[in-house]
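*Asks:* Sharing a structure below in structure tokens format, with a few things to ask.
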Amino acid sequence: MESTGSRLGLSLGIIALAAPIVALGLFIGSFAITAVEAARSNPLAGATFYTNPDSTARKAAAAAAEADPGSADAATLTRLADQPAATWLLPEKYPMDTVRADVAAIADAAAAAGQLPVFVIYGIPDRDCGNFSTGGLSESDYPIWVESIATALDTRAAVVILEPDALALAQQCGNVPQRVAQIQQGVAALQGTLATVYLDAGHSDWLDAATAANLLNQAGVQNVRGFATNVSNYNDSAAEQAFGEAVSALTNGAHFIVDTSRNGVGSNGEWCNPTGRALGATPEATSDDGLRDANLWVKEPGESDGTCNNGPAAGEWWPERALELANAAGW
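Quick note: the sequence shown, position 184, residue 184 per my numbering, numbers continuous.
Shown next, in the form of structure tokens:
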């Protein structure tokens, strides 16, 4: 029979042995909670997004102020140009031999201004399946071009939206495997950089949530922050919030951003220069710790969707359109 002293010694020994294990457990538990909180926290919180002085909106505002100084139209265009909007990286404008330096220069200018740049990578082969925004790079050049962009962002913070419409159009264009592989290339290149990356998911009137989520999962959304909705479209924020939440539920809680540049009164069902639309909420990160990280102006509001409804070529500035959107929003 053991003595009381023996049992006490054994108990004290067990307690002594257990103490560091408990402490380790508390540390691991605390670390796990911290990791979960970090995953949930918004990397864009508190950011002021970059207003590019070389944007088409700024150039149009300057031209209007020079042509008709003091006019209401010039004031409206100047206010519009003061809103931060994404810089679209097209190989036609940012070619392979300069894109790295171009992106670095823009990101450095943003950092010097205390702002966060938003880039849209839009150079995928057979871009837009030959529609209004046709173009892009060859299969061999595309990954090299994206890698150059990624290299510029190795040490520079930015938001990156990867290839609008590419996944959403893939079924219609019959090239799902190719598109998935190309987006995977982009994801791989941007991993390890300081970019916060969102894959484009189309919008609420295009794909159902299950289809969008399936494409995103194949393309590697789990390896980036999340996805973007409503890029260059007009759907109201409530519709995109519901769509984003539904897609998030099928992509292991991926977060999302919404393009609010032209969704102030929602959509009339048209996607190409529809009349009667309005500017939406100005760019701002959210502060509610929800799934939606920010409202962004991904599309520059005064740029045409294409040669439809009397518009100029896709991407060209259309001053009448810009003023129409602003006036409809009560600016």
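Glycine included, each C-beta is placed from N, C-alpha and C at the ideal position. Nothing here was measured: the structure is a model prediction, and the numbers come from that model.
(1) Determine the contact status of S261 and P301, defining contact as a CB-CB distance below 7 Å.
(2) Would the region 135-148 and the region 107-114 be scored as touching if the rule is three or more Cβ pairs under 8 Å?
(3) Starting from the Cα of Q241, find the closest Cα among S232, I257, A62 and give me that residue.
(4) Suppose you measure from the CA of G192 to the CA of S133; what does that come to, to the nearest Å?
(5) Under the DSSP definition of a beta bridge, which residues are partnered with H255?
(6) Measuring CA to CA, which of P69, T307, V118 is closest to N52?
(7) Using 8 Å for Cβ pairs, my map puts D200 next to L162. What's the rounded Cβ distance?
(8) Do you know how far the Cα of S71 is from the Cα of A254?
(9) Applying the criterion that 16 or more other CB atoms from any shown protein chain within 10 Å of the CB defines a buried residue, is G280 buried or exposed?
(10) What's the C-alpha gap between A322 and T282?
(11) If you follow the alpha helix (DSSP H) that N243 is in, where does it begin and where does it stop?
(12) In whole angstroms, give me the CA-to-CA distance for N233 and A64.
(13) Can you tell me whether E316 is helix, strand or coil according to DSSP?
(14) Pull up the distance between the alpha-carbon of V221 and that of L90, whole angstroms please.
(15) Grab me the residues of P84's own chain with a C-beta within less than 6 Å of its C-beta, minus the 5 sequence neighbours each way, in chain order.
(16) Using the three-state DSSP reduction, which class does R58 fall into: helix, strand or coil?
(17) Give the C-beta separation of A246 and A329 to the nearest angstrom, bearing in mind that I take them to be a contact with Cβ-Cβ under 8 Å.
(18) Assuming V298 contacts A57 under a Cβ cut-off of 8 Å, what Cβ separation, rounded to an integer in Å, is found between them?
(19) Going by DSSP in three states, W297 sits in which element: helix, strand or coil?
(20) Considering W145, what are the terminal residues of the beta strand (DSSP E) in which it resides?
(21) According to the neighbour-count rule (16 or more other Cβ atoms, all chains shown, within 10 Å of its Cβ), is Q182 buried or exposed?
(22) Does the distance from the C-beta atom of R225 to that of V197 stay below 7 Å?
(23) Cβ of T155 within 7 Å of Cβ of R100?
(24) Could you pull the start and end residues of the beta strand (DSSP E) that I121 belongs to?
(25) Nearer than 6 Å: is that true of the beta carbon of A109 relative to any heavy atom of the ligand MG?
(26) Just how far apart, CA to CA, sit N214 and S248?
(27) Here's the rule I'm using: 16 or more other beta-carbon atoms within 10 Å means buried, otherwise exposed. How should R79 be labelled?
(28) Which value, in whole angstroms, describes the spacing of the CA atoms of N327 and V159?
(29) Taking only three categories from DSSP, how would you classify T87?
(30) With a 10 Å radius around its C-beta and 16 neighbouring C-beta atoms as the bar for buried, classify V22 as buried or exposed.
*Replies:* Based on what the coordinates show:
(1) Your numbering for residue 261 matches position 261 in the sequence shown. Your numbering for residue 301 matches position 301 in the sequence shown. Cβ atoms of S261 and P301: closer than 7 Å.
(2) no
(3) Stepping through the sequence shown from its first residue, residue 241 is reached at position 241. Here the closest residue by C-alpha is I257.
(4) Locating residue 192 in the sequence shown gives position 192, counting from the first residue. Locating residue 133 in the sequence shown gives position 133, counting from the first residue. Using only the alpha carbons, I get a separation of about 30 Å.
(5) Locating residue 255 in the sequence shown gives position 255, counting from the first residue. Looking at the DSSP assignment, H255 forms a beta bridge with G226.
(6) If you number the sequence shown from 1, residue 52 lands on position 52. Out of P69, T307, V118, V118 has the C-alpha closest to the C-alpha of N52.
(7) As a position in the sequence shown, residue 200 is number 200, starting the count at 1. As a position in the sequence shown, residue 162 is number 162, starting the count at 1. Sure, about 6 Å apart at Cβ, within 8 Å.
(8) Numbered from 1 along the sequence shown, position 254 holds the residue referred to as residue 254. Numbered from 1 along the sequence shown, position 71 holds the residue referred to as residue 71. In this model, A254 and S71 are separated by some 45 Å (Cα to Cα).
(9) Sequence index remark: in the sequence shown, residue 280 carries index 280 (1-based). With 16 or more other Cβ atoms within 10 Å, it is buried.
(10) Looking up residue 322 in the sequence shown gives position 322. Looking up residue 282 in the sequence shown gives position 282. In a straight line, the C-alpha of A322 is about 15 Å away from that of T282.
(11) Residue mapping note: residue 243 aligns to position 243 of the sequence shown, counting from 1. The sequence given here has Phe at residue 243, not Asn. Taken as a continuous stretch (DSSP letters only), the alpha helix (DSSP H) holding F243 covers 237-249.
(12) Stepping through the sequence shown from its first residue, residue 233 is reached at position 233. Stepping through the sequence shown from its first residue, residue 64 is reached at position 64. Their backbone Cα atoms lie some 26 Å apart in a straight line.
(13) Here the question's residue 316 lines up with position 316 in the sequence shown. If DSSP states are grouped into helix, strand and coil, E316 belongs with coil.
(14) For this step, residue 221 is matched to residue 221 along the sequence shown. For this step, residue 90 is matched to residue 90 along the sequence shown. Near 22 Å, if we compare the C-alpha coordinates of L90 and V221.
(15) Within the sequence shown, residue 84 is the residue found at index 84, counting from 1. Excluding sequence neighbours, P84 sits near F49, Y50, T51, P283.
(16) Counting from 1 along the sequence shown, the entry for residue 58 is found at position 58. R58 falls in the helix class under three-state DSSP.
(17) Taking the first residue of the sequence shown as 1, we reach residue 246 at position 246. Taking the first residue of the sequence shown as 1, we reach residue 329 at position 329. In fact, because the Cβ distance is near 28 Å, the residues do not count as touching under 8 Å.
(18) If you number the sequence shown from 1, residue 298 lands on position 298. If you number the sequence shown from 1, residue 57 lands on position 57. Going by Cβ atoms, the distance from V298 to A57 rounds to 13 Å, so no, they are not a contact pair.
(19) Indexing the sequence shown from 1 puts residue 297 at position 297. It is coil, neither helix nor strand.
(20) On the sequence shown, position 145 is the one that residue 145 refers to. First-last for W145: 141-152, but that is the alpha helix (DSSP H), not the beta strand (DSSP E).
(21) On the sequence shown, residue 182 is found 182 positions in, with the first residue counted as 1. Answer is buried; the Cβ neighbour count reaches 16.
(22) As a first step, residue 225 is located in the sequence shown; it is residue number 225 there, counting from the start. As a first step, residue 197 is located in the sequence shown; it is residue number 197 there, counting from the start. A contact, by the Cβ cut-off of 7 Å.
(23) Position 155 of the sequence shown holds residue 155. Position 100 of the sequence shown holds residue 100. It is not a contact, given that the beta carbons lie outside the stated cut-off.
(24) As a position in the sequence shown, residue 121 is number 121, starting the count at 1. Here the beta strand (DSSP E) through I121 covers 118-121.
(25) You won't find the ligand MG in this model; it holds no ligand whatsoever.
(26) Taking the first residue of the sequence shown as 1, we reach residue 214 at position 214. Taking the first residue of the sequence shown as 1, we reach residue 248 at position 248. Between N214 and S248, the alpha-carbon positions lie close to 11 Å from each other.
(27) Translated into the one-based positions of the sequence shown, residue 79 becomes position 79. Its Cβ having fewer than 16 others within 10 Å, R79 is exposed.
(28) Looking up residue 327 in the sequence shown gives position 327. Looking up residue 159 in the sequence shown gives position 159. Whole-angstrom Cα-Cα distance: 29 Å.
(29) Here residue 87 corresponds to residue number 87 of the sequence shown, with the count starting at 1. Strand.
(30) Residue 22 sits at position 22 when you count from the first residue of the sequence shown. Residue placement at V22 is poorly supported in this model, since its pLDDT is 36, which falls under 50; the coordinates still yield a value, given next. Exposed: under 16 other Cβ atoms inside 10 Å.
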